[in-house]
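For the sequence shown, our numbering begins at 1 and goes up steadily by one. No residue lacks a Cβ here, since even glycine has one placed at the ideal position from N, Cα and C. In this text, all values refer to a predicted model and were calculated from it rather than measured experimentally. Everything on this sheet refers to the single structure shown next.
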Amino acid sequence: MSHSLIYVTASGRDEALALARALVEARLVACANVLDGVTSLYWWDGKVQEEPEAVMICKTRSDLADAVVARVKDLHSYACPCVVAVPVSSGNPAFLAWIDAETAE
Numbered sequence: 001m002s003h004s005l006i007y008v009t010a011s012g013r014d015e016a017l018a019l020a021r022a023l024v025e026a027r028l029v030a031c032a033n034v035l036d037g038v039t040s041l042y043w044w045d046g047k048v049q050e051e052p053e054a055v056m057i058c059k060t061r062s063d064l065a066d067a068v069v070a071r072v073k074d075l076h077s078y079a080c081p082c083v084v085a086v087p088v089s090s091g092n093p094a095f096l097a098w099i100d101a102e103t104a105e
């Protein structure tokens, strides 16, 4: 089975935690790490923006990535949230098996 990390930015810690809880409780992801206190710079509405954000990194099966993206888009406060899947090429076999078990239907 293949695995992915899902990288998401959120408006802050509270939103990232709410997203993480929804994804974990739905078993769409096995684990979500929330990293608070990041600063993002990006183009929006024709100018460079600088905003505090939180980052969420989720671990899941690759076959669930599209469902994770859809759920984040449904719940997120942003009009165009950053939510991207990055394939995992290798890792601790026991940890990858744990991801499989915790995201089982």
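- Taking all protein chains in view, the Cβ of Cys58 is crowded by 16 or more other Cβ atoms within 10 Å, so the residue is classified as buried.
- For Pro81, the secondary structure class from DSSP, reduced to helix, strand or coil, is coil.
- Judged by pairs of C-beta atoms under 8 Å, the stretch 43 to 63 touches the stretch 20 to 32, as three or more such pairs exist.
- Within its own chain, the residues whose Cβ lies closer than 6 Å to the Cβ of Asp100, once the five positions on either side in sequence are excluded, are Met1, listed in chain order.
- Buried is the label assigned to Val72, since at least 16 other Cβ atoms lie within 10 Å of its Cβ.
- Rounded to the nearest angstrom, the Cβ distance from Ala85 to Ser4 is 4 Å, consistent with a contact under 8 Å.
- Using a 10 angstroms sphere on the CB of Val8, the tally of other CB atoms reaches 16 or more, which defines it as buried.
- For Glu15, the number of other beta carbons within 10 angstroms of its own is at least 16, and it is reported as buried.
- At the C-beta level, Asp36 and Arg13 come within 8 Å of one another.
- DSSP, read as helix, strand or coil, puts Asp74 in helix.
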